[in-house]
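Student:
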Amino acid sequence: MGLPFSSGYNSNPNYIVAYSGGEGRQQYENTYIGRPVAGKPTINEEADGVAFVRPEELDRYDIHPSMRQ
């Protein structure tokens, strides 16, 4: 099944986590607006959760204000 999809990512980190081994990471969250038509959300080893959520349900989640911009 082909789905039309457009994504862009612009990063301007307010902070970066630096590890003692010299590696750095930036925390980010991907949010997409759409509607599920089939299947179910699945996670990988880098995600601790994924879900289809209606906009009116967002206040039920602990989302940091910086991620709500």
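With full-length UniProt numbering applied, the sequence shown covers 1 to 69.
Glycine included, C-beta positions come from ideal geometry on N, C-alpha and C.
Going by DSSP in three states, R68 sits in which element: helix, strand or coil?
Tutor: helix
Student: Give me the residue from G39, Y32, E23 and A38 with the minimum Cα distance to M67.
Tutor: Y32
Student: Measuring alpha carbon to alpha carbon, tell me which residue in V50, E46 and Y61 is nearest Q27.
Tutor: E46
Student: Run the proximity test for V17: is its beta-carbon closer than 7 Å to any non-hydrogen atom belonging to the ligand NAP?
Tutor: With respect to the ligand NAP, the structure offers nothing, as it holds no ligand at all.
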